[in-house]
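Colleague:
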Amino acid sequence: NARYHYDYFVANCATMVRDTLDRAMGGALKSQLAGRSRGNTFRSEAVRLASPAPWMWLGFDLGLGPYADRPLSRWEEAFVPMRLADSLTQVHNSAGRPLVQSTQVLLPHRIAPEPAEQQRHWWPWLLTGLIV
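Structure, rendered in structure tokens:
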């Protein structure tokens with residue numbers, strides 16, 4: 001990108017929106033999202049989002065290093081656009097009012113919804129181990 005160095009986890013379209021809102025709120029967004037997530041990691045989120053394409057999630061799972069395995073804060077978890085949208089519904093402005101008071105779909109989308117959270121399968125690892 002011409003204006004920033006893209007990074008899938010820390011500098012993407014969702015984090016740019018998150019960071020801009022945080023600057024406009026004087027840092028209040030980051031402080032409200034400082035708590036730990038539900039145990040999600042960069043790896044768990046990347047693999048979940050790639051799960052419709054097994055070759056892709058296997059690539060993510062094999063290619064990501066230890067950095068991707070630490071538990072995320074809700075702030076860090078907001079690299080996923082849907083997680084950011086969910087988090088913003090729980091944030092309050094300086095007057096104590098909800099930042100998001102209502103939502104409305106302007107244009108229906110034609111892409112599949114994000115994959116639901118589910119337990120990770122162990123069988124691809126077994127199969128890979130047997131092949132190798």
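Residues in the sequence shown are numbered consecutively from 1, following full-length UniProt numbering. For glycine and all other residues, C-beta sits at the position ideal for the given N, C-alpha and C.
#1: Grab the span of the alpha helix (DSSP H) containing Met16 for me, first residue to last.
#2: With which residues is Asp7 paired in a DSSP beta bridge?
#3: Can you tell which of Gly59, Leu49 and Arg74 has the C-alpha that lies nearest to the C-alpha of residue 203?
#4: Using the C-alpha atoms, what's the distance from Pro115 back to Pro108?
#5: Rounded to whole angstroms, what's the CA-CA distance from Pro54 to Asn40? Just pull it up for me.
#6: Where DSSP assigns a beta bridge to His92, which residues make up the other side?
#7: Assess, as a yes-or-no matter, whether the stretch 60 to 74 is touched by the stretch 1 to 8 under the definition of 3 or more beta carbon pairs within less than 8 Å.
#8: Are three or more beta carbon pairs between the stretch 91 to 102 and the stretch 55 to 62 nearer than 8 Å?
Modeller: According to the structure data:
#1: Cys13 to Ala24
#2: Ala11
#3: The structure shown does not extend to residue 203, since the chain is modelled only from 1 through 132, so no value can be given for it.
#4: 18 Å
#5: 20 Å
#6: Pro98
#7: no
#8: no
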